[in-house]
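Q: This structure is in structure tokens; I'll ask about it shortly.
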Amino acid sequence: MRNMVVGAGWLWGLLLPLHAQEAAAPPAPLTSLEQAWELALANQVSLSLTRAQARDLAADASISQAGWWPAVRVTGQTDYYPSLPVQLIPGEIFGGQPGSFQQVRFGQPWVMSTGVEFQWAIVQAEKWLDTRAAQMSVAQGTLQTDLEADRLRVSLIQAYYEVVFWQDYVPFTEELAVQALALGTVSRQRFEQQQISRLDLVRAEALEEQVRMQMTEARARHARALLRLEEVIGWSEAQPLVVADSLARRNLLRPTMPVAADDPAVRLAQLQAETAAIRLQARTWRAAPSLNLSGRYQFQTQTDDLFDQTQYNSFNYGLVSLGLQWTLFQGGTQRHLVQKQSIQLDQARLRTDQAIRQVDDQTRQWLSHWEEAAAQTDPAEKRLRLAQESLNLALARLTEGYSALDEYFQVYQEYTQAVQACYQNRLNLHVYYELLQR
Numbered sequence: 015m016r017n018m019v020v021g022a023g024w025l026w027g028l029l030l031p032l033h034a035q036e037a038a039a040p041p042a043p044l045t046s047l048e049q050a051w052e053l054a055l056a057n058q059v060s061l062s063l064t065r066a067q068a069r070d071l072a073a074d075a076s077i078s079q080a081g082w083w084p085a086v087r088v089t090g091q092t093d094y095y096p097s098l099p100v101q102l103i104p105g106e107i108f109g110g111q112p113g114s115f116q117q118v119r120f121g122q123p124w125v126m127s128t129g130v131e132f133q134w135a136i137v138q139a140e141k142w143l144d145t146r147a148a149q150m151s152v153a154q155g156t157l158q159t160d161l162e163a164d165r166l167r168v169s170l171i172q173a174y175y176e177v178v179f180w181q182d183y184v185p186f187t188e189e190l191a192v193q194a195l196a197l198g199t200v201s202r203q204r205f206e207q208q209q210i211s212r213l214d215l216v217r218a219e220a221l222e223e224q225v226r227m228q229m230t231e232a233r234a235r236h237a238r239a240l241l242r243l244e245e246v247i248g249w250s251e252a253q254p255l256v257v258a259d260s261l262a263r264r265n266l267l268r269p270t271m272p273v274a275a276d277d278p279a280v281r282l283a284q285l286q287a288e289t290a291a292i293r294l295q296a297r298t299w300r301a302a303p304s305l306n307l308s309g310r311y312q313f314q315t316q317t318d319d320l321f322d323q324t325q326y327n328s329f330n331y332g333l334v335s336l337g338l339q340w341t342l343f344q345g346g347t348q349r350h351l352v353q354k355q356s357i358q359l360d361q362a363r364l365r366t367d368q369a370i371r372q373v374d375d376q377t378r379q380w381l382s383h384w385e386e387a388a389a390q391t392d393p394a395e396k397r398l399r400l401a402q403e404s405l406n407l408a409l410a411r412l413t414e415g416y417s418a419l420d421e422y423f424q425v426y427q428e429y430t431q432a433v434q435a436c437y438q439n440r441l442n443l444h445v446y447y448e449l450l451q452r
């Protein structure tokens, strides 16, 4: 009887800290994967970063589009010339001797000017194509956000159901602890009655310690899985997360097969290929002539004495020009740049094909795992029920003295294997269903 009390002491010593920890802080229960997903969307920093990057690309597109409008600038400047430029003019013009020269000074020391300038690229085909490429980059930013959300959901599915798995597995180890305690009690009683050998008693006590280690490990794995889930969700509150869900909840409905063309990775690769084609076209059009319209109006005042307004001399002038620019030869640079952009387009198309194949292969693998789990669900559950019944019968036979410890140990191993297979099958059934549904 004393041995039973001692054995119960270490069992409750393991059970009580868990309950005390749960009572330390009120939990924030999660009852479904979708609820966890809503929290991740609201808290995960990586999604906020990709959204900010998408807004940055939208700003770049607006800047590129604004380049189509003419640039208008207002200018103002004041200059002082300590020494003005001088030109020698033949003195004959002013009635002087042949061969003599007269110095002519240009302007006055103080020059003040103000004006308006504008420039407008009327015809520049590559600039229009660059604007289209920038607008497509905005769509890429949106797809990058979708892709990051898709990756986050995959991580969330794995982290969430890892928590649920260990949450279901901990009670199993606690049941094993009860079984091991009962086995140890029976073994000690039979050893005192000299019905079993010292070796059998040691094996029973070793099983107690093994189950104790399994229970400790399962709780630690559960705690680490919760930390991982909080990391994926981006949970920063002091209140810990608690998952109120179970793998026992079955859903044998066949998941909807996702279409590869709808996958964010495939859509992003396709859009990148389209953008590369636009950039190739823009690079090709850079060799075409460009037409620019520009103009300038300026009002200028010159004087010898800045503070004597009676000596101010003012005038204005304006200029409007239409310029044509066409680069005919540049050492083959344009041709090589076009070839490089063409290679980048080929690479983008190959990445698109690769993305489609990867998504198709991954989808088929996930579906295969789900079909296997769905087919094994009923046999695994039945095997678990039979193994539980066998373990109870084996313990009863051992208690009544109708069997040896070897028979119980064999049934015990079969039971643990059945539990592990059943729980793993439940995990696969949930995880691969959710992966196919995203």
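Going by the working numbering, the first residue of the sequence shown is number 15, and it counts up by one from there.
Don't be surprised by glycine CBs; every beta carbon is placed ideally from N, CA and C.
By the three-class DSSP mapping on this structure, what secondary structure does residue 131 have?
A: On the sequence shown, position 117 is the one that residue 131 refers to. DSSP places residue 131 in strand when its eight states are reduced to three.
Q: Return the bridge partner residues of residue 101 from the DSSP annotation.
A: Indexing the sequence shown from 1 puts residue 101 at position 87. Its beta-bridge partners are 118.
Q: Helix, strand or coil, according to DSSP, for residue 437 in the structure here?
A: The residue given as residue 437 occupies position 423 in the sequence shown. Helix, per DSSP.
Q: Would the beta-carbon of residue 308 fall within 8 Å of that of residue 132?
A: For the purposes of this step, residue 308 is identified with residue 294 of the sequence shown, where counting begins at 1. For the purposes of this step, residue 132 is identified with residue 118 of the sequence shown, where counting begins at 1. Result yes, Cβ atoms of residue 308 and residue 132 sit closer than 8 Å.
Q: Among 59, 82 and 435, which residue has its Cα nearest to the Cα of residue 261?
A: Walking along the sequence shown from the start, residue 261 turns up at place 247. Nearest option by C-alpha distance: 435.
Q: Take residue 413 as the anchor and find which of 54, 338, 342 and 199 has the nearest alpha-carbon.
A: Indexing the sequence shown from 1 puts residue 413 at position 399. Taking only the C-alpha atoms, the option nearest residue 413 is 199.
Q: I'd like to know whether the C-beta atoms of residue 162 and residue 60 end up nearer to each other than 8 Å.
A: The residue given as residue 162 occupies position 148 in the sequence shown. The residue given as residue 60 occupies position 46 in the sequence shown. For residue 162 and residue 60, yes; Cβs fall inside 8 Å.
Q: The alpha helix (DSSP H) that contains residue 289, what's its start and end?
A: Here the question's residue 289 lines up with position 275 in the sequence shown. Here the alpha helix (DSSP H) through residue 289 covers 278 to 299.
Q: I need the DSSP call for residue 92, collapsed to helix, strand or coil.
A: Position 78 of the sequence shown, counting from 1, holds the residue named residue 92. Strand, per DSSP.
Q: Note down, one range per segment and in chain order, each beta strand (DSSP E) of at least 3 residues found wholly within the segment 214 to 286.
A: Counting whole runs of 3 or more residues, the segment 214 to 286 contains the beta strand (DSSP E) stretches 255 to 257.
Q: State yes or no: is the C-beta of residue 222 within less than 8 Å of the C-beta of residue 194?
A: As a working note, residue 222 is residue 208 in the sequence shown. As a working note, residue 194 is residue 180 in the sequence shown. Yes, the Cβ-Cβ distance between residue 222 and residue 194 is below 8 Å.
Q: Using DSSP with H/G/I as helix, E/B as strand and the rest coil, what is residue 45?
A: Reading the sequence shown from its first residue, position 31 is the one you call residue 45. Note: residue 45 maps to coil in three-state DSSP.
Q: Residue 85 by DSSP, collapsed to three states: which one?
A: Position 71 of the sequence shown, counted from the start, is the residue given in the question as residue 85. If DSSP states are grouped into helix, strand and coil, residue 85 belongs with the strands.
Q: The beta strand (DSSP E) that contains residue 314, what's its start and end?
A: Counting from one through the sequence shown, the residue named residue 314 turns up at place 300. That run of the beta strand (DSSP E) goes 304 to 317.
Q: In whole angstroms, what is the alpha-carbon distance linking residue 197 and residue 430?
A: Against the sequence shown, residue 197 aligns to sequence position 183. Against the sequence shown, residue 430 aligns to sequence position 416. Spanning the two alpha carbons is a distance of roughly 15 Å.
Q: For the candidate residues 202, 400, 389 and 426, whose alpha-carbon lies nearest to that of residue 442?
A: Looking up residue 442 in the sequence shown gives position 428. It is 389 whose Cα lies nearest to the Cα of residue 442.
Q: Check residue 337 in the structure and name its three-state DSSP category.
A: On the sequence shown, position 323 is the one that residue 337 refers to. Residue 337 falls in the strand class under three-state DSSP.
Q: Less than 6 Å between C-beta atoms, sequence neighbours within five positions excluded: which residues of the same chain meet that for residue 122?
A: Residue numbering aside, residue 122 sits at position 108 when the sequence shown is read from its first letter. Closer than 6 Å at Cβ, skipping near neighbours: 316, 317 and 318.
Q: Helix or strand or just coil, what does DSSP make of residue 332?
A: Here residue 332 corresponds to residue number 318 of the sequence shown, with the count starting at 1. Correct three-state label for residue 332: strand.
Q: Going by C-alpha to C-alpha distance, which of 252, 285 and 57 sits closest to residue 364?
A: As a working mapping, residue 364 is identified with position 350 in the sequence shown. Of the candidates 252, 285 and 57, the one whose C-alpha sits nearest the C-alpha of residue 364 is 285.
Q: Which of the three DSSP states, helix, strand or coil, is assigned to residue 210?
A: Along the sequence shown, one-based indexing puts residue 210 at 196. Residue 210 falls in the coil class under three-state DSSP.
Q: I'd like to know whether the C-beta atoms of residue 369 and residue 291 end up nearer to each other than 8 Å.
A: Translated into positions along the sequence shown, residue 369 becomes position 355. Translated into positions along the sequence shown, residue 291 becomes position 277. Not a contact, by the Cβ cut-off of 8 Å.
Q: Rounded C-beta distance between residue 483 and residue 54? I'm assuming under 8 Å.
A: What the structure shows of the chain is the stretch from 15 to 452, and residue 483 is not part of that stretch, so it cannot be assessed.
Q: May I ask you to list the residues that DSSP assigns as paired with residue 124?
A: Position 110 of the sequence shown holds residue 124. According to DSSP, which records beta bridges pairwise, residue 124 is partnered with 94 and 317.
Q: What first and last residue would you give for the alpha helix (DSSP H) that runs through residue 374?
A: By one-based count along the sequence shown, residue 374 stands at place 360. 347 to 414 is the span of the alpha helix (DSSP H), which, as asked, contains residue 374.
Q: Can you name, in chain order, every residue of its own chain whose Cβ lies under 7 Å from the Cβ of residue 186, other than the five neighbours on each side?
A: Here the question's residue 186 lines up with position 172 in the sequence shown. Around residue 186: 433.
Q: If you draw a straight line from the alpha carbon of residue 451 to that of residue 387, how long is it in whole angstroms?
A: Stepping through the sequence shown from its first residue, residue 451 is reached at position 437. Stepping through the sequence shown from its first residue, residue 387 is reached at position 373. Cα-Cα distance, rounded: 16 Å.
Q: Going along the chain, which residues of its own chain have a beta-carbon closer than 7 Å to the beta-carbon of residue 181, five neighbours each way excluded?
A: Here residue 181 refers to the residue found at position 167 when the sequence shown is read from its first residue. The answer, listed in chain order, is 236 and 257.
Q: Who are the near neighbours of residue 405 in its chain, counting only those whose CB is closer than 6 Å to its CB and skipping five residues on each side?
A: As a first step, residue 405 must be located in the sequence shown, where it is residue number 391. Once the five neighbours on either side are set aside, the close Cβ partners of residue 405 are 425 and 429.
Q: Give me the Cβ distance between residue 269 and residue 384, rounded to the nearest whole Å; I'm assuming they're in contact under 8 Å.
A: Locating residue 269 in the sequence shown gives position 255, counting from the first residue. Locating residue 384 in the sequence shown gives position 370, counting from the first residue. Confirmed, Cβ separation roughly 6 Å.
Q: Please classify residue 144: is it buried, with 16 or more other beta-carbons within 10 angstroms of its beta-carbon, or exposed?
A: Indexing the sequence shown from 1 puts residue 144 at position 130. It counts as buried.
Q: To the nearest angstrom, how far is the alpha carbon of residue 342 from that of residue 81?
A: Mapped onto the sequence shown, residue 342 falls at position 328. Mapped onto the sequence shown, residue 81 falls at position 67. Taking the straight line from one Cα to the other gives about 25 Å.
Q: Where do the N-terminal and C-terminal ends of the alpha helix (DSSP H) with residue 77 fall, by residue?
A: On the sequence shown, position 63 is the one that residue 77 refers to. That run of the alpha helix (DSSP H) goes 59 to 80.
Q: When you compare only the Cα positions, how much space is there between residue 154 and residue 45?
A: Taking the sequence shown and counting its residues from 1, one reaches residue 154 at position 140. Taking the sequence shown and counting its residues from 1, one reaches residue 45 at position 31. Distance between the alpha carbons of residue 154 and residue 45 is about 35 Å.
Q: Alpha carbons only, please: which of 94, 119 and 90 is nearest the one belonging to residue 101?
A: Against the sequence shown, residue 101 aligns to sequence position 87. Comparing Cα positions, the closest option is 119.
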